[in-house]
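Residue numbers (UniProt numbering): 1 to 358.
This report refers to the structure that appears directly beneath it.
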């Protein structure tokens, strides 16, 4: 009898987020790189959407399952894809659990001590359930070892892949989506909230003629207006565009046309947008916080600070020099190829087999 494995895609109910794309791309890659006769089922908030095609089995996720999960006696392994998930097989079941940990951002975001304690307790409870723990970067692994009691369990590191579908890239017409002639622009994308630190980016427009495009889900009420208010104070409001969420095709247009990709985030477990930009051969300018030095590596440029005065001086004195510096697009693309969903899927299948054969 073949093993039956559930891949948890509950977080796909939040469209245009990192966890949505993690589930979407890893789930698809797991199907394409299946190395056993195991059945892969998808625990889905919307089975009718058939995100992974019509040939696979979907299990309907319901909010009630937080409190009373149905019997899954025939499930050999459950892959939990969110570190603070409330969805697990019942206690006492023989189902093995693999848990992917994306970040401990709740410790980096300035939350109250009570909230930090609450989230850390929930994470610890989920780690206690896991037979295998996976971190998406060495940075996250180190955080787990520092802040959690792993009870002797080792942490495996499996990097995320690159979301860019180069089949789409090869078929689209490269046009500047701003449609404003030859003016160069900086681009960033991600959930638009304080931890992404996007409000420091208008300072980079001081002393040059660059534009700035910020794309992504508007996650915090008023934060987009806060960004624009800073741009207005600096006199660069006419050069800042906040698009909201965009399609993959439009994202590719921005990545193809931008002069540089900028990402000043203060709380990341991996930083997928960085690898997406690098796969287009784009120079990237990153903060030095959390995992970004690990992911950007030797082919990235880094900000020593994201404070106002430093950023303004960087815009005046340095950013154009970086944009106009030697072309390293080939080297940058080669770096991005280290991150592949196919490679990630093969690692996970190996881990599935190891856990099931224990």
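Note that CB positions come from ideal geometry on N, CA and C, so glycine has one too.
Given the structure is predicted, the values throughout are model-derived calculations rather than measurements.
query: Could you tell me which whole beta strand (DSSP E) segments of length 3 or greater appear in the segment 88 to 126?; result: 96 to 101
query: Spell out the partners DSSP gives residue 79 in its beta bridges.; result: 7 and 98
query: What ranges does the beta strand (DSSP E) occupy inside the UniProt domain "Glycosyl transferase family 1" (177 to 297), keeping only unbroken runs of at least 3 residues that lie completely in it?; result: 185 to 189, 211 to 215, 240 to 244, 260 to 263 and 284 to 286
query: Looking at the unbroken beta strand (DSSP E) that takes in residue 57, where does it start and where does it end?; result: 57 to 60
query: Nearest-angstrom Cα distance between residue 111 and residue 269?; result: 17 Å
query: Does DSSP put residue 156 in a helix, a strand or coil?; result: strand
query: What residue range is occupied by the uninterrupted alpha helix (DSSP H) comprising residue 23?; result: 18 to 32
query: Starting from residue 332, trace the alpha helix (DSSP H) in both directions and tell me its first and last residue.; result: 329 to 336
query: Under 7 Å, do residue 276 and residue 139 count as touching if we go by C-beta distance?; result: no
query: For residue 349, count neighbouring C-beta atoms within 10 Å of its own C-beta (all shown protein chains included) and say buried if the count is 16 or more, exposed if not.; result: buried
query: If you drop the 5 nearest sequence neighbours on each side, which residues of the same chain put their C-beta closer than 6 Å to that of residue 217?; result: 16, 191 and 245
query: Using C-beta distances below 8 Å, list every residue in its chain close to residue 141, excluding the 5 sequence neighbours before and after it, in chain order.; result: 135, 155 and 157
query: Are the beta-carbon atoms of residue 254 and residue 187 separated by less than 7 Å?; result: yes
query: Using CA coordinates, which residue listed in 130, 61 and 189 is at the minimum distance from residue 42?; result: 61
query: Leaving aside the five residues before and after residue 200 along the sequence, list all residues of the same chain whose C-beta is less than 6 Å from its C-beta, in chain order.; result: 264, 306 and 311
query: If you draw a straight line from the C-alpha of residue 52 to the C-alpha of residue 267, how long is it?; result: 30 Å
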